[in-house]
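Asker: I have a structure here, written as structure tokens, and I will follow up with some questions on it.
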Amino acid sequence: MTINEVAQRYGISHQAVYKRIKSAGHKLNELKDKTTGQLTPDGEAIVLALFSDENQAPPPDATQVEKLKTEVAELRPEVEKLRNQVATLEERLKTVTEERDFLRTTLETTNKNLENAQQLQAMTLAKLPALLPAGNGGRLRRAWDVLRGKGEK
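For what it's worth, the working numbering labels the leading residue of the sequence shown as 1, then goes sequentially.
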């Protein structure tokens, strides 16, 4: 007997047979003949026992069904509330991500502008002494010397 034959016998899918075997703690390769792929006599007995009436769960009674329906009805609003919260959080995440990306771009631009300003300042400072009047007589020259730490304050 094969797994497909067991499934056909009980009117279920072969996946359901595999699932029942696994949930009972059996390993399929221990129940099948390795050469033929058929269930061994012991394996067949184990699998058929899994589908016997005594191993079947009794059908739920009407009160259990009603109790479960009530619980489902009570949980639906909570599920809807949680779905709304998830949607809100996803929207907030999107907004925060967009803000982060904008701030990153702004920071990168600001850093580039700062680097450019520092380069211009360094170039200006390097050319400034040549533009100042020679000697100690001019105000600009004295200010320059003070900035460089060579003159009086």
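Note that beta-carbon positions come from the ideal geometry of N, C-alpha and C, so glycine has one too.
Ignoring anything shorter than 3 residues or poking outside the segment 24-112, list the beta strand (DSSP E) runs there in chain order.
Answerer: Here no run is fully enclosed.
Asker: For the 8 Å Cβ check, are there 3 or more pairs between the segment 2-21 and the segment 32-45?
Answerer: Yes, the segment 2-21 is in contact with the segment 32-45.
Asker: Count the other CB atoms within 10 Å of the CB of Val-86; is the residue buried (16 or more) or exposed (fewer)?
Answerer: The residue is exposed, with fewer than 16 neighbouring Cβ atoms inside 10 Å.
Asker: Taking Phe-51 as the reference, give the member of Ala-73, Glu-108, Val-17 and Met-123 with the closest Cα.
Answerer: Taking only the C-alpha atoms, the option nearest Phe-51 is Val-17.
Asker: Need the endpoints of the alpha helix (DSSP H) that Ile-3 sits in, please.
Answerer: Note, Ile-3: alpha helix (DSSP H), 3-10.
Asker: Can you tell which of Glu-80, Asp-61, Ala-62 and Leu-31 has its C-alpha closest to the C-alpha of Leu-48?
Answerer: For the residues Glu-80, Asp-61, Ala-62 and Leu-31, the minimum Cα distance to Leu-48 belongs to Leu-31.
Asker: Which term fits Gly-149, buried or exposed, when burial requires 16 or more other beta carbons within 10 angstroms of its beta carbon?
Answerer: Under this definition Gly-149 is an exposed residue.
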